[in-house]
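Residue numbers (numbering that gives the first Met the number 0), protein chains in the order written: chain E, 0 to 85; chain R, 0 to 132.
Heads up, the beta-carbon is just placed ideally off N, CA and C, and yes, glycines get one too.
Scroll down for the structure; my scribbles are underneath it.
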Amino acid sequence: MEHGVLVLAMNVDGGEAGYQEFIQSNPYPHLHWARDGSGAIREAYRVRGLPTTYIVDGEGTVRYAQVGYGGKMQEALTREVDSLLE
Amino acid sequence: MLVGRQYIPVGIGCQAERQVWVHLFLVAPVLPYTTDAPAGFGLRRYFAIAVWRGTIREGMEPDGGNRMSRHTIVGLTMVSFALLALACINLGGASKSLVGEPAPAFGVQYQSRTVTLDDLKGKVVVVIFWSST
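Here it is, written out as structure tokens:
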């Protein structure tokens with residue numbers, strides 16, 4: 000974890016074997032991998048499309064949501080995280 | 000006789016659980032003419048729009064009794080686009096409705112222990128739901 004930000008990559012589809020293979024072959028050091036095998040977390044977060052990205056602030060409140068990839072998604076994520084860290 | 004005429008079926012997809020039926024519904028109006036369309040077209044693409052053209056060949060032409068009129072095809076295509084728009088609006092709205100609300104609690108296995116959202120309080124947490132398939 001750096002700068003008070005944690006990025007949690009939550010796998011919600013596919014089997015355990017595929018998930019393990021993927022994270023072994025994609026060793027992104029700044030990502031924290033997790034798996035929602037039951038689908039309960041996915042349901043609680045009302046995920047209807049993949050990828051879906053949420054930003055949760057330090058108080059546990061959802062501050063941002065994005066379904067899919069947007070053209071300016073990276074800028075939006077950076078702006079939102081920066082504003083929460085100020 | 001449609002054999003020899005050009006066709007331009009249009010497919011549009013939206014990466015989501017409902018993508019499949021949206022895609023199929025849109026293609027359905029021109030289905031008799033899309034038998035040589037790329038397999039799996041549009042699936043797993045986000046707001047992908049593609050057009051491909053070809054020539055209707057022998058065997059691709061639907062039976063006369065089942066042939067849809069141009070008006071029917073245009074009408075069904077317009078309905079398909081409307082349904083697609085509604086589906087995509089719904090997709091965006093479903094997640095955005097959580098903005099401003101407390102994040103649902105969860106616990107996940109991480110490095111041989113269970114980590115909960117409460118454990119991460121004080122940190123900005125970016126949660127990305129993804130699929131490896």
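**Study point:** Residues in the stretch 118-132 of chain R having any Cβ partner in chain E nearer than 8 Å
**Key:** Of all residues in the stretch 118-132 of chain R, those with a C-beta nearer than 8 Å to a C-beta of chain E are L119, K120, G121, K122, V123, V124, V125, V126, I127, F128, W129, S130, S131, T132, reading in chain order.
Check your understanding: Rounded to a whole number of angstroms, what is the C-alpha to C-alpha distance between V21(R) and A81(R)?
Key -> Residue confidence for V21(R) is low, a pLDDT of 40 falling below 50, so the modelled location carries little weight; the figure read from the coordinates is stated next. Spanning the two alpha carbons is a distance of roughly 10 Å.
Exercise for review: Report yes or no: is there a C-beta of chain E within less than 8 Å of the C-beta of A81(R)?
Suggested key: It does not; no Cβ of chain E falls within 8 Å.
Review point. Alpha carbon to alpha carbon, how far is P103(R) from S37(E)?
Key: Rounded to whole angstroms, P103(R) to S37(E) spans 15 Å at the Cα level.
Point to revise | Segment contact, 8 Å Cβ cut-off, at least three pairs: the stretch 16-33 of chain E with the stretch 53-73 of chain E | key: The stretch 16-33 of chain E is not in contact with the stretch 53-73 of chain E.
Exercise for review: Residues of the stretch 3-19 of chain E with a CB closer than 8 Å to any CB of chain R: list them in chain order, please.
Suggested key: For the stretch 3-19 of chain E, the beta-carbon criterion of a distance under 8 Å to any beta-carbon of chain R is satisfied by G3, V4, L5, V6, L7, A8, M9, N10, V11, D12, G13, G17, Y18.
Point to revise | Whole-angstrom C-beta distance between F128(R) and T51(E), which should lie under 8 Å | key: Between the beta-carbon of T51(E) and that of F128(R) there is about 5 Å, and that keeps the pair under the 8 Å contact cut.
Review point. Do V125(R) and R62(E) have their C-beta atoms closer together than 8 Å?
Key: Against a cut-off of 8 Å, the Cβ pair of R62(E) and V125(R) comes out as no contact.
Practice item. Return no unless some Cβ of chain R is closer than 8 Å to the Cβ of R78(E). Key: Using beta-carbon distances, R78(E) does not count as an interface residue toward chain R, since no partner is under 8 Å.
Review point. So which of L49(E), T77(E), S24(E) has the shortest CA-CA distance to D12(E)?
Key: When each option's Cα is compared against that of D12(E), the closest is L49(E).
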